[in-house]
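**Student:** First the structure, which I've put down as structure tokens, then a few questions once you've had a look.
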Amino acid sequence: MSTSTEISAPAGREPTADGPDRSTPATRPKPGSRRDRVAYLFLAPWFVGLLLLTAGPLLGSLYLSFTKFNLLQPPAWTGFGNYLKMFTDDPRYLQSLKVTFIYVVLTVPLQLGFALAVAVMLNRPLRGMAWYRSIYYIPSLLGGSVAIAVIWGQLFDDDGVLNSFLAFFGVAGRSWISSPDTALYTLVLLNIWQFGSPMVIFLAGLKQIPQELYDAASVDGASSWRRFRSVTVPLLTPIIFFNVVLQIIQAFQAFTPAYVVSGGSGGPSDSTLFYTLYLYQQGFTNLNMGYASAMAWVLLLIIATFTLINFGLARRWVYYEDR
Amino acid sequence: MTTPIGRRHFLQAGLTAGILAPLLSACNLDPAAKEAKESVRFSSYGDPTKLGLRGKLAGLYTSSHPDVKIVFEGTATAEYWDKLATQMAGGNAPDVINIDAPRIGQYGAAGALQTLQKYIPDTIDTKPIDHNLLVQGQLKGEQFGIPVAMSTYSMGYDVTVLDQLGLEHPKEAWTWTEFAALANEIRQKSGKKIYGAEDPSGDTASLQIFLRGKGEDLYKDGTLAFADSSLTEWFEYWAALRATGGTIPADIAAQAKYGDWPTGPLVKKQAALAHIQTPNLKGGFQDLTEHTIDITLPPRNTKDGKCGTFPAPSSFLSLNARSKRADDGAAFMNWFANGEEAAKTLRLISGPPASAAGRDVLLKGSDLSASEKQVLAYTDLALKNSSAPPQASPAASTAVADLLLKTSQDVAFKKISIKQGVQKFVADARKTLDGK
Chain A
296 MSTSTEISAP AGREPTADGP DRSTPATRPK PGSRRDRVAY LFLAPWFVGL LLLTAGPLLG
356 SLYLSFTKFN LLQPPAWTGF GNYLKMFTDD PRYLQSLKVT FIYVVLTVPL QLGFALAVAV
416 MLNRPLRGMA WYRSIYYIPS LLGGSVAIAV IWGQLFDDDG VLNSFLAFFG VAGRSWISSP
476 DTALYTLVLL NIWQFGSPMV IFLAGLKQIP QELYDAASVD GASSWRRFRS VTVPLLTPII
536 FFNVVLQIIQ AFQAFTPAYV VSGGSGGPSD STLFYTLYLY QQGFTNLNMG YASAMAWVLL
596 LIIATFTLIN FGLARRWVYY EDR
Chain B
251 MTTPIGRRHF LQAGLTAGIL APLLSACNLD PAAKEAKESV RFSSYGDPTK LGLRGKLAGL
311 YTSSHPDVKI VFEGTATAEY WDKLATQMAG GNAPDVINID APRIGQYGAA GALQTLQKYI
371 PDTIDTKPID HNLLVQGQLK GEQFGIPVAM STYSMGYDVT VLDQLGLEHP KEAWTWTEFA
431 ALANEIRQKS GKKIYGAEDP SGDTASLQIF LRGKGEDLYK DGTLAFADSS LTEWFEYWAA
491 LRATGGTIPA DIAAQAKYGD WPTGPLVKKQ AALAHIQTPN LKGGFQDLTE HTIDITLPPR
551 NTKDGKCGTF PAPSSFLSLN ARSKRADDGA AFMNWFANGE EAAKTLRLIS GPPASAAGRD
611 VLLKGSDLSA SEKQVLAYTD LALKNSSAPP QASPAASTAV ADLLLKTSQD VAFKKISIKQ
671 GVQKFVADAR KTLDGK
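So the sequences go chain by chain: A and B.
The first sequence begins at 296 in our numbering and counts up by one.
The second sequence begins at 251 in our numbering and counts up by one.
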């Protein structure tokens, strides 16, 4: 709310001496003028798209979330029945929440920590650095694909690469991917491995930090760890914040790896039953579209809550230079 | 001043046309959409080979029937059901729909398919089709699906492994006790290099065979049709084998998807016994291993007891309730199920033809391959040994199958006891079947 008042305040001010040529309401075309209408006309395709393809289905799914709808018969109104069932009468739903929360809590800090570490390493003036950066980005290009999830399955399988490696040291491995105790963690690893996009964003942030600050810190006798802690991290907080928000949203929506690795079942023993995977099962396997819609809206609320909390906390630790 | 306005008008007109064109075509006003109305859409699922053959068949029908154009819409099995459900919801599903047993209950009960009673026997001749197959496509006594081919549950065994270990091949009439003994022997004699059998404890099709051997079944009249003690016995049977290596351990079992041969323990040579649906023998299991695979009847409860197997339709053809060309669709279905060209084209790709007319065509031909003979002989044996088939599956049967898999894994990984597992499964399955 405070941001919007900040923005609207100058607009209401009288033109000042340093801004006489700023377009005042007098010189601006009146709202509803021909020029405006033409502008809206050009925007029309986008509006049609927004209304028909985004807002329409969104509201449609909100309506469906209050119904019993099997795709084949007209939806029947059930009020809050779907929402009630989720939290009172559906252990698999609660399991999917648990799995997803564990995934988010583990994957976001680990992935971002890893991405930051790699970004710092890649932020040095070395020969061929562009190559290294490209190479480290590759997993993220492949990461979302089905092929990688399949390979991941092979890697952590009973007779997979990891176990061959362990066997070399005389350690008897297990089938990591098909044991309910470890399956989820292999998927956490898979996500950490796809550190490319936060890494690139960190790298861009690191480039923005003025070299003088490091030089000054060095003159004062700061060690490299001290420079990292007292110069890099504070100046990077806006970037870290951005990455945290984005990765939390993404982690809540994880679907492909679990779908491929577990063959769509969320198994073994529902240990990889991600929220979105269960939503998909309810919608398309069991044809409970109303229930699936309700699940989607709860997920939206969960993600929105997390994002709000993040923004609330951000005031305490994110440092903006220009403020 | 006139020029910019003129250009503006021109742009406005252009934009309007650009926006309206797709809307108009959506309203079926253009000629391309009109042509689509004249044709009968036929959707099918399967692997590329199967889809290729069925597409070819659609072409054959079109070329021999000048007034009807069959538009074939083939989709890989993994995506087919999502697509069909979405098409149904959007009111844009095909006229003739290839559908499986669980979904015929799901879709039929929801009124998405139409009863075929008015087309029988004039348009669709069901007399050549085995009665036991027909009833599986009926809902409340009305025919909703025409079976196209037969698929029968069989017990597959690795001949190469059994011969290497000097073990006897399983007989036609064998019991679950003998099955367990053989499975344990495979484990012992192979020096623990290979497990005895797959672990089908979470597979509804396998459980059904076991239950039917005891005179029970999975479902009857839309609810569970077996005693809790039978499910306990089933889980205990496999738990005992798991302990001795007679069946694969839980983590290997979790990698295998039932009925999916490349991940199955038989193909991966982790075990020497595993169930096979007959259409999957040739193109599925046998093609992926250099070992010889043979099939026999699944075990029974007692030596002279009932065998649980039954010929099941591999899939059905159904008519969309909203089809505008249902008459043409029904005629095509008859040609597909009973016709000579269809039998000659499809052969045993989905199992032996459900129609005796189709089977005759194949038997009269002298070009049967070894594995085709193997499947035909087994089907003959299974038909002789099978009892009355189950009713069509209830709408929630896919969800119940998920539940059984989950419960079996909880038990196998020792997350819960068998007693808890059975109680939980029965309670949850009842609730699911009641639509709660």
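Note that beta-carbon positions come from the ideal geometry of N, C-alpha and C, so glycine has one too.
(1) Please list the partners that M338(B) has in chain A, where partner means a Cβ-to-Cβ separation under 7 Å.
(2) Run through DSSP, which three-state label would K574(B) get?
(3) Hey, could you find the ends of the beta strand (DSSP E) S401(B) is sitting in?
(4) DSSP has N348(B) in a bridge; who is on the other side?
(5) For a contact defined as C-beta to C-beta under 9 Å, what are the partners of L516(B) on chain A?
(6) Mind checking M416(A): buried by the 16 CB within 10 Å criterion, or exposed?
(7) Whole angstroms is fine: what's the gap from I544(A)'s alpha carbon to L498(A)'s?
(8) Since T362(A) contacts G561(A) with CB under 8 Å, what's their CB separation in whole angstroms?
(9) Can you grab the Cα-Cα spacing for the pair Y388(A) / R428(A), in whole Å?
(10) Using 8 Å as the limit for Cβ to Cβ distance, is I502(B) near chain A?
(11) Could you compute how far the alpha carbon of K500(B) sits from the alpha carbon of A489(B)?
(12) Rank V540(A), V539(A), F579(A) by C-alpha distance to the C-alpha of D330(B) and give the top, closest one.
(13) Measuring straight from C-alpha to C-alpha, what distance separates L334(B) and G441(B)?
(14) Hey, would you say P529(A) sits closer than 8 Å to Y614(A), going by beta carbons?
(15) Could you tell me whether the Cβ atoms of A642(B) and G463(B) are closer together than 8 Å?
(16) Only counting the same chain, and skipping five residues up and downstream in sequence, which positions put a Cβ closer than 7 Å to that of T477(A)?
(17) If the cut-off is 8 Å on Cβ atoms, which residues from the stretch 288-318 of chain B count as contacting chain A, listed in chain order?
(18) With the cut-off set at 8 Å, would you say D375(B) and H541(B) are in Cβ contact?
(19) Leaving out five residues before and five after A576(B) in sequence, what residues of the same chain have Cβ atoms less than 6 Å from its Cβ?
(20) Checking contacts by CB at 8 Å: is T580(A) closer than that to chain B?
(21) Is there a C-beta anywhere in chain A that falls below 8 Å from the one on G361(B)?
(22) For the beta strand (DSSP E) containing F322(B), name the first residue and the last one.
(23) Give the C-beta separation of L598(B) and P529(B) to the nearest angstrom, bearing in mind that I take them to be a contact with Cβ-Cβ under 8 Å.
(24) Using a C-beta cutoff of 8 Å, does A335(B) count as contacting chain A?
(25) What residues in its chain sit with their C-beta under 6 Å from that of E392(B), if we drop five residues either side in the sequence?
(26) Judging by CA-CA distance, which residue of K439(B), P602(B), P563(B) is the nearest neighbour of L618(B)?
(27) Just how far apart, CA to CA, sit L450(A) and V456(A)?
(28) Does the distance from the C-beta atom of E428(B) to that of A524(B) stay below 8 Å?
(29) To the nearest angstrom, how far is the alpha carbon of G369(A) from that of L572(A)?
(30) With which residues is I545(B) paired in a DSSP beta bridge?
(31) So D452(A) contacts chain B; which residues on that side make the cut at Cβ distance below 7 Å?
(32) Using beta carbons (cut-off 8 Å, strictly below), is L655(B) in contact with chain A?
(33) Taking 8 Å as the cut-off, does the stretch 477-486 of chain A touch the stretch 389-403 of chain A (at least 3 CB pairs, one atom from each stretch)?
(34) Hey, Q659(B) and A504(B): beta-carbon distance below 8 Å or not?
(35) Can you look up V672(B) in the DSSP assignment and give me helix, strand or coil?
(36) Name the residue from V321(B), N434(B), P352(B) whose alpha carbon lies nearest to the alpha carbon of G395(B).
**Tutor:** Once the coordinates are examined:
(1) The answer, in chain order, is L366, L367.
(2) When DSSP states are grouped into helix, strand and coil, K574(B) belongs to the coil group.
(3) Unbroken beta strand (DSSP E) run through S401(B): 400-408.
(4) N348(B) is bridged to L567(B).
(5) Within chain A, no residue comes near L516(B); the closest Cβ sits about 16 Å away, beyond 9 Å.
(6) Exposed is the call here.
(7) Cα to Cα, the separation comes out at about 21 Å.
(8) Rounded, the Cβ-Cβ distance is 25 Å, inconsistent with contact.
(9) Taking the straight line from one Cα to the other gives about 40 Å.
(10) For I502(B), the nearest beta carbon of chain A is closer than 8 Å to its own beta carbon.
(11) One point to set straight first is that residue 500(B) is Ala, not Lys, in the sequence displayed. Distance between the alpha carbons of A500(B) and A489(B) is about 10 Å.
(12) Here residue 330(B) is Tyr; the residue named in the question, Asp, does not match the sequence. Sorting V540(A), V539(A), F579(A) by C-alpha distance to the C-alpha of Y330(B) places F579(A) at the top.
(13) Between the alpha carbons of L334(B) and G441(B) lies a gap of roughly 49 Å.
(14) Result yes, Cβ atoms of P529(A) and Y614(A) sit closer than 8 Å.
(15) In this structure, G463(B) does not lie closer than 8 Å to A642(B) by Cβ.
(16) When the five nearest sequence neighbours on each side are left out, the beta carbons in the same chain lying within less than 7 Å of the beta carbon of T477(A) are those of W471, in order along the chain.
(17) Taking 8 Å as the cut-off between beta carbons, none of the residues of the stretch 288-318 of chain B comes near chain A.
(18) Their beta carbons are not under 8 Å apart, which means D375(B) does not touch H541(B) by this criterion.
(19) Sequence-distant Cβ neighbours of A576(B) in its own chain, meaning closer than 6 Å and more than five residues away, are L569.
(20) So yes, T580(A) belongs to the interface.
(21) Cβ-Cβ to chain A under 8 Å: yes for G361(B).
(22) Here the beta strand (DSSP E) through F322(B) covers 319-326.
(23) 7 Å between Cβ atoms; contact.
(24) For A335(B), a Cβ of chain A is located within less than 8 Å of the residue's own Cβ.
(25) Excluding five sequence positions before and after E392(B), the CB atoms of its chain that fall closer than 6 Å to its own CB belong to T365, Q367, given in chain order.
(26) When the alpha-carbon of L618(B) is set against those of K439(B), P602(B), P563(B), the nearest one is in P602(B).
(27) Using only the alpha carbons, I get a separation of about 5 Å.
(28) Contact check for E428(B) against A524(B) fails: the beta carbons are separated by 8 Å or more.
(29) Checking the sequence, you will find Pro at residue 369(A) rather than Gly. Taking the straight line from one Cα to the other gives about 25 Å.
(30) Answer is G406(B), bridged to I545(B).
(31) Q505, listed in chain order.
(32) So yes, L655(B) belongs to the interface.
(33) At 8 Å Cβ cutoff, the stretches touch.
(34) Closer than 8 Å, so yes.
(35) Here DSSP, grouped into helix, strand and coil, assigns V672(B) to helix.
(36) Out of V321(B), N434(B), P352(B), P352(B) has the C-alpha closest to the C-alpha of G395(B).
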